[in-house]
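Student: Residue numbers (my numbering): 41 to 460. Note that CB positions come from ideal geometry on N, CA and C, so glycine has one too. The structure displayed is predicted, hence computed values, not measured ones.
Shown next, in the form of structure tokens:
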């Protein structure tokens, strides 16, 4: 009797142990929900569904715990829409938060060139974080090479086969502009105290730094001082209580085509965007002072460019009751000549980043960065071309890499393209 009871107890214990082992095996095989929330290195966002609800419903869904991003991401990627005869016949260069590379594509999405250079390879011994895992900005060069900016890490110049020509390590942010002689202008930041402007605390001082064709710094012009020492210093009030008080995100060197309308547009002046103070400004680099600055109906704007019409085109990130839009504005009068805020049922939304470019055929290239989408828009607001980023992550491809930019590249500017 006692022996039978002992056998029964041992059998029960064995079943308990086997059940526990099975449970452990399931835990190893099935990642917990928290693992699904882990973002890979780089810059990523939740992918939008093919047919999103209205903005209010989307915001409600995204605010619910564990529900954000669980709607299906778009199945199709690459070029998903193209209207025959309406698309600009130019190649397009894009950079993305998935990795340290840039792609040159044909209008049909075919890859014509690719450049790649990891930060650790360009700067041996340096340790790169998420912001150094991708190209924030890239510029194609006439010899088929590429100049690329790492966010907060420096600039590299590559040849047509992605071999490193030179690398300059510095606190670079958001944008660089090629100069006719082979050098570059790059936006930089430096943490410092500027007591005559911001007393009692350290801030990030935004500057424009010129690099020589060999990648060596030539000079630097403080944008903070350029505004402070100008008749437009009122745009500095009130300043953010944080460190990043200006957040310069775009620079364009003016070519003088509009100088006949106003000396503000003199050749060589800089058009800059200052996100934190919702300001677009023109700086005379020789004088080191702003000659014009304006807050407009835009908020947290990116990518202002002066058009041949002498109007400014920009991506207005949050000026439409928090939503995004593209504006074409007369900088002297403030009049809005054209705008685009997305399609019916799919409003444009990119609280950060975003670009807009007027193409030679009159269309406008718009990048909805956080959604990983790019559009070519006709003059009447019709979408004639659409690109959806193929760079995905997550168990269900629910994450899409930030599409930082997509710019047109006339064939005379790209050489023969690039490749690794």
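1) Is residue 181 helix, strand or coil by DSSP?
2) Name the DSSP beta bridge partners of residue 345, please?
3) If you drop the 5 nearest sequence neighbours on each side, which residues of the same chain put their C-beta closer than 6 Å to that of residue 283?
4) Which residue marks the beginning of the alpha helix (DSSP H) containing residue 244, and which one marks its end?
5) Between the C-alpha atoms of residue 258 and residue 322, what's the straight-line distance to the nearest angstrom?
6) Tell me residue 448's beta-bridge partners as DSSP assigns them.
7) What does the Cβ neighbour count give for residue 153, buried or exposed, with the cut at 16 atoms within 10 Å?
8) State the CB to CB distance for the pair residue 428 and residue 144, rounded to an integer number of angstroms; the pair is presumed to be in contact (CB under 8 Å).
9) If I'm right that residue 447 touches residue 133 with Cβ under 8 Å, what's the distance once you round it to whole angstroms?
10) Going by Cα to Cα distance, which pick from 379, 340, 412 and 372 is closest to residue 432?
11) What number of angstroms, rounded off, separates the C-alpha of residue 271 from the C-alpha of residue 332?
12) Any idea if residue 327 is buried or exposed, counting beta-carbon neighbours within 10 angstroms, 16 or more meaning buried?
13) Among residues of its own chain, excluding the 5 on either side of residue 115, which ones have a beta-carbon nearer than 6 Å to its beta-carbon?
14) Pairing CB atoms from the segment 219–238 with CB atoms from the segment 274–291, are three or more of them under 8 Å?
15) Mind checking which residues open and close the beta strand (DSSP E) that includes residue 85?
16) Indicate the three-state DSSP secondary structure (helix, strand or coil) for residue 399 in the structure shown.
17) Use the C-beta contact count for residue 373: other C-beta atoms within 10 angstroms, 16 or more gives buried, fewer gives exposed.
18) Measure the Cβ-Cβ separation of residue 443 and residue 409 and say whether it is below 9 Å.
19) Quick one: give me the first and last residue of the alpha helix (DSSP H) that residue 189 is part of.
20) Compare the C-alpha of residue 400 against each of 124, 129 and 252 and name the closest.
21) To the nearest angstrom, how far is it from the Cα of residue 199 to the Cα of residue 172?
22) Going along the chain, which residues of its own chain have a beta-carbon closer than 7 Å to the beta-carbon of residue 370, five neighbours each way excluded?
23) Can you look up residue 63 in the DSSP assignment and give me helix, strand or coil?
24) If you reduce the DSSP assignment to three classes, tell me which class residue 275 lands in.
25) Going by DSSP, which residues form a beta bridge with residue 360?
26) Out of curiosity, what's the CA-to-CA distance linking residue 122 and residue 418?
Tutor: In short:
1) coil
2) Per the DSSP secondary-structure output, residue 345 pairs in a beta bridge with 353.
3) Only 243 and 244 meet the Cβ criterion.
4) Segment 238–251 is the beta strand (DSSP E) holding residue 244; no alpha helix (DSSP H) there.
5) 21 Å
6) According to DSSP, which records beta bridges pairwise, residue 448 is partnered with 132.
7) Buried: at least 16 other Cβ atoms inside 10 Å.
8) No, residue 428 and residue 144 are not in contact; Cβ-Cβ is about 18 Å, not under 8 Å.
9) Indeed they touch by this definition, with Cβ atoms about 5 Å apart.
10) The option with the nearest alpha carbon to residue 432 is 412.
11) 8 Å
12) So residue 327 counts as exposed.
13) none
14) yes
15) 84–86 is the extent of the beta strand (DSSP E) around residue 85.
16) In this structure, DSSP gives residue 399 a state outside helix and strand, which the three-state scheme calls coil.
17) exposed
18) yes
19) Annotation: residue 189 is outside any alpha helix (DSSP H); the continuous beta strand (DSSP E) that includes it extends over 186–190.
20) 129
21) 20 Å
22) 351 and 377
23) With a pLDDT of only 48 at residue 63, under 50, the local geometry of the prediction cannot be trusted, and the value read off the model is given with reservation. It is helical.
24) The answer is helix: DSSP assigns residue 275 an H, G or I state.
25) 363
26) Going by the C-alpha atoms only, they are around 12 Å apart.
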